[in-house]
Each structure stands twice: as structure tokens, then as C-alpha cells.
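Residue numbers (our numbering): 1 to 270.
Cβ coordinates follow ideal geometry from the N, Cα and C atoms, glycine included.
Bear in mind the structure is a predicted one, so any value in this text is a computation, not a measurement.
Below is one structure, written out as C-alpha cells; the observations come after it.
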């Protein structure tokens with residue numbers, strides 16, 4: 001069997017309906033690039049059984065418990081055979097030709113180690129996917145009402161690179177991990193996702209290490225995916241930090257990220 005050009009990796013947790021739509025969309029897209037698909041089932045809701053029955057071409061990995069996003073992806077990375085590895089959240093949709101366009105961009109831009117496509121809401125509105133390296137207060141701004149205040153909004157706009165056109169490809173400090181193409185060579189040089197991040201900030205950390213190794217991180221709107229993104233970790237009142245598990249995980253990961261790089265200079269971004 002020839003080596004696949006791309007290995008798709010999806011980590012799921014109790015999302016059988018979304019996974020079914022995602023994989024059906026890939027089938028219907030008619031992707032003509034040789035690929036393999038690895039699904040890591042972090043839950044136990046019947047998703048694995050459904051996939052094995054309905055999509056036998058998908059290789060299912062069942063760790064038996066919720067390992068978190070970083071560690072689950074690393075299980076798949078160890079088995080990936082593709083020249084590229086593409087992380088795909090279960091709440092995305094494939095369209096015909098988009099994977100091919102993204103791979104073609106990567107081939108034409110060999111210095112790019114991490115490439116992020118355009119993500120859209122179902123109504124076609126662009127989602128925020130590329131960022132500058134975060135300020136320590138960014139988790140608070142992005143997950144609480146403080147981000148709606150004038151100074152918080154300005155900080156978020158700079159973080160999300162609103163001063164740069166998102167209609168053309170450009171370099172970014174980091175790309176969100178919901179949909180991201182990574183060269184297998186970069187994974188081998190940079191290393192796996194840092195498993196100390198259960199969820200959130202593992203993508204920022206990986207992009208930072210990618211820049212440190214001399215590769216570029218690039219946003220490429222030449223390809224697009226619809227992302228049915230739900231902000232379950234958004235809160236409206238300060239006390240909800242105590243009750244919203246995802247908010248606590250996000251803030252904890254943010255603290256862990258800033259402690260990891262405390263006192264260290266940012267990598268040189270061209």
C-alpha cells in the first residue's frame with residue numbers, strides 16, 4: 001500500500017452525531033488525495049462502534065478513558081503514516097476540493113510547517129482562527145464579559161490580528177487546533193503536543209515551538225471548512241468560573257502556558 005499523503009486525526013468525546021456528519025462529508029467530498037483517517041474516541045457513548053460499522057476505512061483508537069486533547073492526538077501521531085497530519089475537530093464539515101487546495105498551498109510554501117485554513121460559521125461568517133502570542137489576561141478576556149468592555153475588546157482585536165487582512169495568506173504566531181495541517185517532518189522535529197495541557201493552549205504551545213525550530217506558521221484562506229463551534233466555556237458572571245469546568249480548564253492551561261515560558265523571549269517571527 002502506498003504511503004498516504006495526509007493523515008486526518010479527529011479526537012472525539014461523546015459526539016457520535018457530529019462524527020457521522022464529518023466522515024460522511026469527507027466521503028461525499030470526493031477527496032482525490034490518498035489519505036488515512038485515525039479517530040481517537042475519548043468517550044464511551046457508542047461512537048467507536050458506529051464508526052467501525054458505518055466507516056470501516058477509519059482506524060479507531062480507544063484509550064478507554066478521556067485522556068484530554070493533547071494526549072489523545074499524540075496517540076494518533078504515533079501511528080500516522082501521512083506526509084502531512086491534519087487535525088480535524090468533529091464539529092467541522094468537509095467540502096469538495098478544500099483538502100486538495102490546502103495541500104497544494106503547503107507544497108508551494110515549503111517553509112510553512114503549520115498551516116491553518118479559513119474556518120466559517122454556517123452562515124459564511126469568518127471565525128477567529130489565527131492569533132498573535134497571547135497576553136496573560138487573554139483567557140479572561142476571551143471567556144468572560146471583560147472581553148466586551150472597550151479595553152478588553154481592543155486587546156482581543158489585536159490578539160486576533162484584526163489589523164491584518166484575512167482574505168489572503170499571512171503568517172501568524174499561532175493557529176487554533178480545530179483544523180490545522182502539520183508536516184510530518186515538523187512533528188518529528190518539534191515533538192508531540194505537550195500533554196501537560198489537558199485541553200486549550202496545546203496548539204499555541206506547539207506553534208511557538210514550531211517557530212523556535214525555524215518553521216513558519218501560516219494562515220491560508222485558500223481552503224475553507226465550516227465549523228459548528230459552540231462556546232461552552234463562555235461565562236457571563238465571575239462566579240461561573242467555579243461551576244463551568246471548561247472555563248477552569250482554559251484558565252488553568254493559560255496559567256500553565258505562561259509559567260512554562262516565564263522569562264523566556266518570544267521566538268523571532270518574520
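Look at the alpha carbon of residue i and the alpha carbon of residue j, and state the distance between them as a whole number of angstroms.
i: residue 207; j: residue 225; result: 21 Å
i: residue 235; j: residue 8; result: Residue confidence for residue 235 is low, a pLDDT of 43 falling below 50, so the modelled location carries little weight; the figure read from the coordinates is stated next. Distance between the alpha carbons of residue 235 and residue 8 is about 32 Å.
i: residue 129; j: residue 169; result: 13 Å
i: residue 138; j: residue 127; result: 17 Å
i: residue 245; j: residue 197; result: 15 Å
i: residue 251; j: residue 5; result: 36 Å
i: residue 41; j: residue 62; result: 5 Å
i: residue 121; j: residue 92; result: 10 Å
i: residue 171; j: residue 214; result: 13 Å
On the three-state DSSP scale, how would you describe residue i?
i: residue 192; result: coil
i: residue 251; result: helix
i: residue 216; result: strand
i: residue 187; result: helix
i: residue 17; result: helix
i: residue 201; result: coil
i: residue 33; result: coil
i: residue 117; result: strand
i: residue 8; result: strand
i: residue 221; result: strand
Between residue i and residue j, how many whole angstroms is the CB-CB distance? I'm expecting something under 8 Å.
i: residue 112; j: residue 264; result: About 24 Å; that fails the 8 Å criterion.
i: residue 21; j: residue 55; result: About 12 Å; that fails the 8 Å criterion.
i: residue 133; j: residue 174; result: 7 Å
When you measure from the CB of residue i to every non-hydrogen atom of the ligand FMN, does any distance come out below 7 Å?
i: residue 139; result: You won't find the ligand FMN in this model; it holds no ligand whatsoever.
Please go through the segment 62-101 and give each complete beta strand (DSSP E) segment of 3 or more residues, from N-terminal end onward. 84-88
Would the segment 27-41 and the segment 159-168 be scored as touching if the rule is three or more Cβ pairs under 8 Å? no
Examine the Cβ distances between the segment 97-108 and the segment 208-225 and report whether three or more of them are shorter than 8 Å. yes
Is the segment 48-60 in contact with the segment 142-153, if contact means three or more CB pairs nearer than 8 Å? no
Does the count of Cβ pairs from the segment 59-77 and the segment 106-122 closer than 8 Å reach three? no
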